[in-house]
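Residue numbers (my numbering), protein chains in the order written: chain A, 1 to 134; chain B, 1001 to 1134. Using N, Cα and C, we set each Cβ at its ideal position, and we do this for glycine too. Quantities reported herein were computed from a predicted structural model and do not represent experimental measurements. A quick write-up on the structure given underneath.
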DNA sequence: TTTAGTCCCTGTAGTGACTACAGGGTCAAG
DNA sequence: CTTGACCCTGTAGTCACTACAGGGACTAAA
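Dropping the structure here:
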């Protein structure tokens, strides 16, 4: 059994902002941990594992709602690869859409920046492009 | 001179949500237009051009703050290609960073989805991966 | 002329996912 | 015994909108 750690220690170990932990507790993503006599939160390795799960999921771009339902499956011990796959596939699609949106942005931006003189002159192709009617 | 149009008409022409126009006015990105006797906003082609500028800039991922400073340069007739280029370049860098973050996400996700059985079984590589310690 | 429907106005609250702050209590080191 | 770092709480602020409630105005049909 791991010795109980405080919120600040959990934050440091996980790389999570300390307030975010309290926020995840408030929205039900993290369980309410036991408290010390003085009311300090006491976390153990299960809390840490769960928090890391959430942080990794967020890094992969899953929403809080996605993670809530994934953790709900886990909590109910009803993980079925089928359900998870469906969620992950639809998330993958949205990530791919974001990438192509950003690539379109990137090519417009870099074309415009290339055409910039960089001089201290009052003609700017970026401004002109944004102001172009139609 | 273009006949004045209402907020709803401007919204329809520009493809912008009607409430967003009011929001842009509140934060000073759009000027307060003249009003009709009954208090209806009356927009003209300059408003439309400015709104399209903002909408295109947002599509390219510029923040409201970016657009505020760009439009400020325009309003002060002090557009210098140098300043604009600097902003655009730094924005381009952040877009490129976002793209590479998302690509990392994408490859992890698609690798995981590929390894999914898609079956109704309780072993799921995505869950396992998210729960892996370290 | 009435009525129904669509527009416009205002202020305010809600969204997502945090992050920061104020005002207090606790604890360990020197 | 004091200083500073930690912890607690509730609340407000962030960004860029979006939605809603409650009211007035205008248009077209019955």
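When the options are compared against residue i, the one with the closest alpha-carbon
i: residue 163 (chain A); options: A:62, A:52, A:114; result: Outside the displayed span of chain A (1 to 134) sits residue 163 (chain A), for which this structure offers no information.
i: residue 54 (chain A); options: A:125, A:113, A:22, A:30; result: A:30
i: residue 1131 (chain B); options: A:4, A:27, A:58; result: A:58
i: residue 38 (chain A); options: A:129, A:11, A:6, A:100; result: A:6
i: residue 68 (chain A); options: A:115, A:126, A:27, A:114; result: A:27
i: residue 112 (chain A); options: A:32, A:24, A:125; result: A:125
i: residue 1102 (chain B); options: A:104, A:95, A:101; result: A:95
i: residue 1108 (chain B); options: B:1127, B:1033, B:1093, B:1081; result: B:1127
i: residue 82 (chain A); options: B:1098, B:1116, B:1084; result: B:1116
i: residue 11 (chain A); options: A:34, A:36, A:41, A:35; result: A:41
i: residue 114 (chain A); options: B:1084, B:1023, B:1105; result: B:1084
i: residue 110 (chain A); options: B:1129, B:1104, B:1099, B:1092; result: B:1092
i: residue 56 (chain A); options: B:1098, B:1105, B:1056; result: B:1105
i: residue 4 (chain A); options: A:100, A:34, A:24; result: A:34
Beta-carbon neighbours of residue i, restricted to chain A and to distances below 7 Å
i: residue 1089 (chain B); result: 113
i: residue 1061 (chain B); result: 105
i: residue 1124 (chain B); result: 79, 81, 84
Cβ-heavy atom distance, residue i to the ligand FMN, below 7 Å
i: residue 78 (chain A); result: Among the components modelled here there is no ligand, and therefore nothing to report on the ligand FMN.
Partners in chain A for residue i, counting only beta-carbon separations shorter than 8 Å
i: residue 1029 (chain B); result: Ordered by position in chain A, no residue passes the 8 Å Cβ test against residue 1029 (chain B), which lies about 13 Å from the chain.
Contact list for residue i against chain B, beta-carbon separation under 9 Å
i: residue 127 (chain A); result: 1053, 1070, 1073, 1074, 1079, 1081, 1084
Counterpart residues of residue i in DSSP-defined beta bridges
i: residue 1035 (chain B); result: B:1041
i: residue 1005 (chain B); result: B:1043
Going along the chain, which residues of the region 1092 to 1122 of chain B sit with their C-beta nearer than 8 Å to a C-beta in chain A?
-> Going along the region 1092 to 1122 of chain B in chain order, one finds 1092, 1095, 1096, 1098, 1099, 1102, 1103, 1105, 1106, 1108, 1109, 1110, 1112, 1113, 1116, 1117, 1118, 1119, 1120, 1121, 1122 with a Cβ nearer than 8 Å to chain A.
Decide yes or no for the touch test of the region 88 to 98 of chain A against the region 55 to 68 of chain A: beta carbon pairs closer than 8 Å, at least 3 of them.
-> Because the criterion of three Cβ pairs below 8 Å is met, the region 88 to 98 of chain A and the region 55 to 68 of chain A touch.
Can we say the region 1039 to 1048 of chain B touches the region 1066 to 1079 of chain B, given the rule of at least three CB pairs closer than 8 Å?
-> Result no; under three Cβ-Cβ pairs closer than 8 Å.
Along the region 1034 to 1059 of chain B, what residues have a CB closer than 8 Å to any CB found in chain A?
-> For the region 1034 to 1059 of chain B, the residues whose beta carbon sits under 8 Å from a beta carbon of chain A are, in order, 1049, 1052, 1053, 1056, 1057, 1059.
Could you say if the region 1015 to 1024 of chain B and the region 1077 to 1085 of chain B meet the contact criterion of at least three C-beta pairs nearer than 8 Å?
-> Touching, no, given that fewer than three Cβ pairs across the two stretches are closer than 8 Å.
Scan the region 1 to 24 of chain A for residues whose Cβ lies nearer than 8 Å to a Cβ of chain B and list them as they occur along the chain.
-> Answer in chain order: no residues at all.
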